[in-house]
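Novice:
See below:
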């Protein structure tokens, strides 16, 4: 049927792809939020790395004392880098996974667990929770990406 | 019409997707340029982090003195990391946005503003410009990605 | 022919796209491996950055002495960041390249050289090999991405 074909030519009409788009947008927005959290800590803790940023908060010698590291700023930055290290593989492998023809329910399970795990990971990092409060959600998200990579390689394998 | 369908099956023939491909390639090439800028500063300032790199510029104790940080190197590295933090969401959300059926003119507006903002951001970081010379282009790029994410979630929403 | 059209509507049935999916999954899995290597060095060298991580290896003052940097940990982290800087452009530009209609043999050549170069780069970084043992595979991977970007811009150009 023409409708069927037209449907399959529009990626965004495919339900698995729509789910991928939704969770990828959410998880990338969550990653972007780390920039605001870092900026918030930099401003409230008055801890900057660029002299031109510190200059907004004082002049001359007074500005120099704001060129320092702060534990909360560094923690937010580590959370941000950890997001990059884990969300980039999810976005890349997840796209290929969404195109490899998984069941919608299986795909949703992967996307939901990953997204939940990464949101929990951020709270665990920022609070911080004692271990394995942060290690566990990290491992869960990592495993979801591995599971999607397995499906991609099984479906697409062409070396 | 067959032509119409054939067109829609080839992503690269879709004008919005072509615009996405063009600006994504440009902005990723700009990010890759940061590696060369960092390498340039490392070599001209003789400031390395790996002993095997410093060894090319001196032997023994002489090489050790090149294992140091340099303000220009660190500045280029921060610009590179800021690119990763902002260009990765643009590439991921931008792809979904391009597939969500926006008007070509609206899509071009998003892609052009983001690309211009990030190129300006790099100049502002490296010169450096006084604030808000760097903060403003950062916020503009960030807002463009938020706007695309809104369109993606409105079109694709399937939780 | 219907078969032909159906084929082109399913990205994952396209041979160039299958090759892209295979190599992208491999190279992202390789990048994810860096997390495990960093964790391995942190645990065996007892060198942590988060107090809540060090707390698993000692109490009070005893835990504090594990809050330190270690050369092997830092080396693995630098390798991980270098992967992000280089594999992100490959994944993004590679997707557009795969959709720009290259010959399968040409595409495979690009994907294989990039993947081989990045695996070699990781060994060169971790061992470490003397230069240009690490610089050369870095430049090879970088050049492959530039070559793909050229093809993308030539095919898709719409500014």
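Protein chains in written order, with the UniProt record's numbering: chain R, 1 to 159; chain F, 1 to 159; chain U, 1 to 159.
Idealized CB from N, CA, C, for every residue including glycine.
1. Could you check the C-alpha separation between residue 6(R) and residue 10(U) for me, to the nearest Å?
2. Which of the three DSSP states, helix, strand or coil, is assigned to residue 48(F)?
3. Taking the Cβ atom as the reference point for each residue, do residue 32(U) and residue 89(R) lie within a distance shorter than 8 Å?
4. In angstroms, rounded to a whole number, what distance separates the CA positions of residue 152(F) and residue 66(F)?
5. Is there at least one non-hydrogen atom of the ligand NAP closer than 7 Å to the beta-carbon of residue 82(U)?
6. Identify which residue in 42(R), 36(R), 34(R) and 85(R) has its Cα closest to the Cα of residue 70(R).
7. Whose CA, out of 19(F), 143(F), 73(F) and 139(F), lies closest to the CA of residue 127(F)?
8. With DSSP as the reference, please indicate the residues paired to residue 67(F) in a beta bridge.
9. Just checking my contact of residue 115(F) with residue 158(U) at CB under 8 Å: how many whole Å lie between their CB atoms?
10. Cutting at 8 Å between CB atoms, please list the residues of its own chain near residue 134(F), excluding the five before and the five after it.
11. Going by DSSP in three states, residue 158(R) sits in which element: helix, strand or coil?
12. Out of 15(R), 12(R) and 28(R), which has the shortest C-alpha to C-alpha gap to residue 142(F)?
13. Excluding the 5 residues preceding and the 5 following residue 15(U) in the sequence, name in chain order all residues of the same chain whose CB lies nearer than 6 Å to its CB.
14. Using DSSP with H/G/I as helix, E/B as strand and the rest coil, what is residue 141(U)?
15. Along the stretch 77 to 106 of chain U, where does the CB come closer than 7 Å to a CB of chain R? Name the residues.
16. Listing by chain order, which chain U residues have their CB less than 7 Å from the CB of residue 156(R)?
17. At a CB-CB cut-off below 7 Å, which residues of chain U make contact with residue 29(F)?
18. Between 53(F), 57(F) and 75(F), which has its C-alpha nearest residue 50(R)'s C-alpha?
19. Could you list which residues in chain F have their beta carbon closer than 7 Å to that of residue 153(U), in chain order?
20. Exposed or buried, what is residue 137(R) when buried is set at 16 or more other beta-carbons lying within 10 Å of its beta-carbon?
21. Thinking just about the alpha-carbon of each residue, which of 38(R), 147(R) and 140(R) is nearest to the one in residue 79(R)?
22. If you reduce the DSSP assignment to three classes, tell me which class residue 129(U) lands in.
23. Taking only the alpha-carbon atoms, compute the straight-line gap between residue 102(F) and residue 108(F) and give it to the nearest angstrom.
24. Can you find a C-beta in chain U that's less than 8 Å from the C-beta of residue 49(F)?
25. Go ahead and label residue 146(F) buried or exposed: buried means 16 or more other beta carbons lie within 10 angstroms of its beta carbon, across all protein chains shown.
26. Can you tell me whether residue 86(F) is buried or exposed, with buried defined as 16 or more other CB within 10 angstroms of its CB?
27. Are the beta-carbon atoms belonging to residue 63(F) and residue 55(F) less than 8 Å from one another?
28. Is the separation between the beta-carbon of residue 96(F) and that of residue 24(R) shorter than 8 Å?
29. Near residue 4(F), what residues of its chain come up, given a Cβ to Cβ distance below 7 Å and the 5 sequence neighbours on each side ignored?
30. Of the residues that make up the stretch 45 to 74 of chain F, which ones have a beta carbon closer than 9 Å to any beta carbon in chain U?
31. Rounded to the nearest angstrom, what separates residue 118(U) and residue 83(U) at their Cα positions?
32. List, from N- to C-terminal side, the alpha helix (DSSP H) runs of 4 residues or more that fit wholly inside the stretch 97 to 130 of chain U.
33. Using a Cβ cut-off of 9 Å, pull out every chain F residue sitting near residue 35(R), in sequence order please.
34. Just mark residue 139(U) as buried or exposed, buried being the case when its beta carbon has 16 or more other beta carbons within 10 Å.
35. Please determine, among 155(F), 156(F), 110(F) and 91(F), the residue with the shortest C-alpha to C-alpha distance to residue 144(F).
Specialist: Concretely, from the data shown:
1. Position 6 of the first chain, counted from the start, is the residue given in the question as residue 6(R). Position 10 of the third chain, counted from the start, is the residue given in the question as residue 10(U). At residue 6(R) the pLDDT is 37, less than 50, meaning the model places this residue with poor confidence; the figure from the coordinates comes in the next sentence. So the two alpha carbons sit approximately 12 Å from each other.
2. Working through the second chain from its first residue, we reach residue 48(F) at position 48. Note: residue 48(F) maps to strand in three-state DSSP.
3. Numbered from 1 along the third chain, position 32 holds the residue referred to as residue 32(U). Numbered from 1 along the first chain, position 89 holds the residue referred to as residue 89(R). Yes. Within cutoff.
4. For the purposes of this step, residue 152(F) is identified with residue 152 of the second chain, where counting begins at 1. For the purposes of this step, residue 66(F) is identified with residue 66 of the second chain, where counting begins at 1. Computed Cα separation, rounded: 48 Å.
5. Absent from the structure shown: the ligand NAP. Ligands present: none.
6. Taking the first chain and counting its residues from 1, the one referred to as residue 70(R) is at position 70. The residue with the shortest Cα to Cα distance from residue 70(R) is 42(R).
7. To locate residue 127(F), count along the second chain from 1; it is residue 127. When each option's Cα is compared against that of residue 127(F), the closest is 73(F).
8. Here residue 67(F) is taken as the residue at index 67 of the second chain, counted from 1. In DSSP, residue 67(F) forms a bridge with 48(F).
9. Locating residue 115(F) in the second chain gives position 115, counting from the first residue. Locating residue 158(U) in the third chain gives position 158, counting from the first residue. Actually they are not in contact, since the Cβ atoms of residue 115(F) and residue 158(U) sit about 13 Å apart, beyond 8 Å.
10. Taking the first residue of the second chain as position 1, residue 134(F) is located at position 134. Cβ neighbours of residue 134(F) within its own chain (closer than 8 Å, five residues either side excluded): 121, 124, 125 and 128.
11. In the first chain, residue 158(R) corresponds to position 158, counting from 1. In this structure, residue 158(R) counts as coil in the three-state DSSP scheme.
12. By 1-based counting over the second chain, the position of residue 142(F) is 142. The candidate whose alpha carbon is nearest that of residue 142(F) is 28(R).
13. Within the third chain, residue 15(U) is the residue found at index 15, counting from 1. Only 104 meet the Cβ criterion.
14. Here residue 141(U) refers to the residue found at position 141 when the third chain is read from its first residue. If DSSP states are grouped into helix, strand and coil, residue 141(U) belongs with the helices.
15. 80, 84, 88 and 91
16. Here the question's residue 156(R) lines up with position 156 in the first chain. 12, 18, 21 and 22, listed in chain order.
17. Residue 29(F) sits at position 29 when you count from the first residue of the second chain. The contacting residues are 149.
18. Taking the first residue of the first chain as position 1, residue 50(R) is located at position 50. For the residues 53(F), 57(F) and 75(F), the minimum Cα distance to residue 50(R) belongs to 75(F).
19. Taking the third chain and counting its residues from 1, the one referred to as residue 153(U) is at position 153. Close partners of residue 153(U) in chain F (Cβ separation under 7 Å): 22 and 25.
20. As a working mapping, residue 137(R) is identified with position 137 in the first chain. So residue 137(R) ends up on the buried side.
21. Taking the first residue of the first chain as position 1, residue 79(R) is located at position 79. It is 38(R) whose Cα lies nearest to the Cα of residue 79(R).
22. Stepping through the third chain from its first residue, residue 129(U) is reached at position 129. Reduced to three states, the DSSP call for residue 129(U) is coil.
23. Position 102 of the second chain, counted from the first residue, corresponds to residue 102(F). Position 108 of the second chain, counted from the first residue, corresponds to residue 108(F). So the two alpha carbons sit approximately 10 Å from each other.
24. Position 49 of the second chain, counting from 1, holds the residue named residue 49(F). Cβ-Cβ to chain U under 8 Å: yes for residue 49(F).
25. Within the second chain, the letter at position 146 stands for residue 146(F). An exposed status is given to residue 146(F), since fewer than 16 other beta-carbon atoms sit within 10 Å of its beta-carbon.
26. One-based indexing of the second chain puts residue 86(F) at position 86. By the neighbour-count rule (16 or more Cβ atoms within 10 Å), residue 86(F) is buried.
27. Indexing the second chain from 1 puts residue 63(F) at position 63. Indexing the second chain from 1 puts residue 55(F) at position 55. Cβ atoms of residue 63(F) and residue 55(F): closer than 8 Å.
28. On the second chain, position 96 is the one that residue 96(F) refers to. On the first chain, position 24 is the one that residue 24(R) refers to. In this structure, the beta-carbon distance from residue 96(F) to residue 24(R) falls below 8 Å.
29. Working through the second chain from its first residue, we reach residue 4(F) at position 4. Its pLDDT being 40, under 50, residue 4(F) is placed unreliably by the model, and the measurement read from it follows with that caveat. Result list for residue 4(F): empty, nothing under 7 Å.
30. 49, 50, 51, 52, 53, 55 and 56
31. If you number the third chain from 1, residue 118(U) lands on position 118. If you number the third chain from 1, residue 83(U) lands on position 83. Distance between the alpha carbons of residue 118(U) and residue 83(U) is about 8 Å.
32. 104 to 126
33. On the first chain, residue 35(R) is found 35 positions in, with the first residue counted as 1. Under the 9 Å cutoff, chain F gives 82, 85, 86, 138 and 142.
34. Numbered from 1 along the third chain, position 139 holds the residue referred to as residue 139(U). It is exposed - the Cβ of residue 139(U) has fewer than 16 other Cβ atoms within 10 Å.
35. Numbered from 1 along the second chain, position 144 holds the residue referred to as residue 144(F). Measuring from the Cα of residue 144(F), the nearest candidate turns out to be 110(F).
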